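Inspection log for the structure reproduced underneath, given as structure tokens.
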Ligand code: SF4
Ligand code: FES
Ligand code: NI
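Chains as they are written, first to last, in this note's numbering: chain A, 3 to 248; chain B, 646 to 1138.
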């Protein structure tokens, strides 16, 4: 192939990565097979910049790669010990802000938060646990909502609004009081038109939105992250998991 | 009769001796003795010092999560809780567990029995049994066994490791596996996994036989001593198979009184509360279950290996059945009620577990893919198994949203609560009454408790071991003498 098309490029960790206008650093990186850790980003939806895990250094300033548009000649550093240690601290904070009991959680082995923690070599939560009181909502016949494990990535909010056209979820409160809400007068999932086939029922990176009665059906060894790192899985083309019906 | 020494008539003038916590048992418990000026025992109690409400903790959780969650109840017995909870959940989803899944679960359970019994015998009890109850304290531990009996120590480690491998391959993980799910199993045993386990099974059976021989030799060297140590008679309760065979995974409840007469038999365990009640006493966090038909005073009973070997009509594996007969006939049946006979019965069960593993490994059903079923949803589930330490009851209610609203657990150690207290009192009377107390004498109390292999971690839901502390206090509560035993067995004043 000749170099006929004048393509624009940025550098990520010394590697030249081409992009087209309108792409973010994350988009360009994903397209080029360069992994930048991320939790709240999913190429299917509008980027939100919630989790900050995708922080990169752009010409010496820290930015979130999922929201920062790529621009000609940007010099991006991502895979550095400093950034990874910031990312590790962010993940540790997510762990202590919620109630994540991995050994008992049915999302274990399929959970992106857990996988990110392994990827970033997190050995302990480091910070003091908040043990916040969080709601569980089992009112929906097919879905179990466990806010103990919600990391406020807003993927479900976006999926429900953008793909399902339903707007089942929202975010309310501020600061440490920020929490996911269900858009129903009662606040209960059972009183919405949420369906197990909705895209929003499939996108939760943790075990906060669960399809009922499916827990632990996949044996250890066959779960998403049993043999693959999050960096490998998230670089694969988006795969939709169809819900199982009983 | 049975509650003498539970409460002293005039505690105010007595000195108090505390053994806390009891060592080489799983968890944290303490013994208190009240003695007078002449060291006469007036009160002896074995109690639990801490309690965390697991029953509260599971409230609101989805039912399918519970079998995994309950593994956190006790770091020592996760597999037992996992299985008992899953049996309850089978009932909740109305499942008839497929034959293959039932066998895989049994295999896992036998792995657990093997590793738990091996740990108890070789690590926790062999030091007492091989060196004597008042041997030098520095020697009376597993390191002492390794030094004096390296072969025995090695076999203990080998048996335990094999049991753990069975658990790992059936559950998917060494600890906190997820193999067992409501309605069945999520994986079978591959041919590679089977062959890997088959390779060593003959050795495991041989070592289990050697362990039975060892306890027989120890026991029959001093039959009178072993028979009479902490002796008393009691009822026994356990599950038995429909045909009366020993069955540690499933069956009906059988209880027999101190003369071997049937109190109830083949009782459907999903109605256990029609037969067993639990009494609360102010001085212990652990409840006191009793058989309703016999009332609070007479209704207490023993569970665990001795109860099971006594209660069953036969053991469905050849070598263990031969050993059961020898045990029953020993001294004209004199061992069948003995506290220390728990060790003997435990080793017979370990042999049975090894034989059963071999049998199961040769069963092609273990490679089946028909592993789960479900049926009509129920709101209540009861699961009972014979855990290594005895009958384990899990009972749950869920709401229409499939969340746990109520949980009730009766663990083996709780069933044995009164029985362990009774053993402590007998030993206190036999060995401590009127004596100047020494560490060796106090260890006699621990030996009696240890025979039951209590899991105080289960009973209290608190994990971890701490050093032993013995305090002698005068009537006014002032400390006269303190003896501290570190977890390595070393004593200091
Ligand atoms: S429920 Fe899941 S998808 Fe929704 S905001 Fe929380 S973590 Fe994200
Ligand atoms: S992935 Fe960019 S902020 Fe979460
Ligand atoms: Ni236990």
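Even for Gly, the Cβ is constructed at its ideal location relative to N, Cα and C.
Owing to the predicted nature of the structure, the values given are computational and were not obtained by experimental measurement.
Remark: the shortest separation between the CB of residue 737 of chain B and any heavy atom of the ligand NI does not fall under 7 Å. For the ligand SF4, a non-hydrogen atom lies closer than 7 Å to the CB of residue 171 of chain A. Not a single C-beta of chain B is nearer than 8 Å to the C-beta of residue 135 of chain A.
Residue burial annotation: residue 652 of chain B is exposed, with fewer than 16 other C-beta atoms found within 10 angstroms of its C-beta. Residue contact check for residue 106 of chain A against chain B: a CB pair falls below 8 Å. Each of B/737, B/757, B/1057, B/728 was checked against the Cα of residue 746 of chain B, and the nearest Cα belongs to B/728.
Counting along the chain, residue 972 of chain B sits inside the alpha helix (DSSP H) bounded by residues 963 to 974. Bridge pairing for residue 946 of chain B: B/880 [DSSP]. DSSP places residue 704 of chain B in the coil class of the three-state scheme, outside both helix and strand.
The beta carbon of residue 1048 of chain B sits closer than 8 Å to some beta carbon of chain A. For residue 217 of chain A, the nearest beta carbon of chain B is closer than 8 Å to its own beta carbon. Secondary structure of residue 824 of chain B (DSSP, three-state): coil. About 6 Å separates the beta carbon of residue 93 of chain A from that of residue 124 of chain A, a gap short enough to meet the 8 Å contact definition. In this structure, the beta-carbon distance from residue 705 of chain B to residue 1049 of chain B falls below 8 Å. For the region 694 to 722 of chain B, the residues whose beta carbon sits under 7 Å from a beta carbon of chain A are, in order, 705, 707, 709, 710, 713, 714, 717. With a contact defined as Cβ atoms closer than 8 Å, residue 954 of chain B and residue 936 of chain B miss out at about 20 Å. Contacts with chain A (Cβ-Cβ distance below 9 Å) from the region 822 to 834 of chain B involve 822, 823, 824, 825, 826, 827, 830, 831, 832, listed in chain order. At a beta-carbon threshold of 8 Å, the residues of chain B lying near residue 221 of chain A are 817, 823, 824, 831, 832, ordered along the chain. Taking 8 Å as the Cβ-Cβ cut-off, the region 67 to 95 of chain A has no residue approaching chain B.
Beyond the five residues adjoining it in sequence on each side, residue 156 of chain A comes within less than 7 Å, by CB distance, of 42, 50, 52, 173 in the same chain, given in chain order. Just measuring C-alpha positions, the residue of A/88, A/138, A/141 sitting nearest residue 118 of chain A is A/88.
Taking the Cβ atoms as the reference, residue 829 of chain B lies roughly 13 Å from residue 1011 of chain B, outside the contact range of under 8 Å.
Out of B/979, B/873, B/967, the CA that lies nearest to the CA of residue 1071 of chain B is found in B/873. By the Cβ-count criterion, residue 903 of chain B is exposed, with fewer than 16 other Cβ atoms from all chains shown falling within 10 Å of its own Cβ.
The beta-bridge partner set that DSSP reports for residue 680 of chain B consists of B/660, B/686. Closer than 8 Å to the CB of residue 203 of chain A there is not a single CB belonging to chain B.
Here the distance from the Cβ of residue 92 of chain A to the nearest heavy atom of the ligand SF4 is not below 7 Å. Distances taken from the Cβ of residue 207 of chain A to the heavy atoms of the ligand SF4 include one shorter than 7 Å. Contact between residue 856 of chain B and residue 995 of chain B holds: their C-beta atoms lie close to 6 Å from each other, under 8 Å. Checking the 7 Å criterion, the Cβ of residue 1038 of chain B is out of range of every heavy atom belonging to the ligand NI. Per DSSP, residue 1066 of chain B is one residue of the alpha helix (DSSP H) stretching across 1062 to 1072. Contact of residue 146 of chain A with chain B is assigned, a C-beta pair being separated by under 8 Å.
Note that the C-beta distance between residue 69 of chain A and residue 13 of chain A is not below 8 Å.
By alpha-carbon distance to residue 969 of chain B, the top candidate from B/989, B/983, B/659, B/859 is B/989.
In the DSSP assignment, residue 120 of chain A falls within the unbroken alpha helix (DSSP H) covering 114 to 121. The DSSP-derived three-state label of residue 1043 of chain B is strand.
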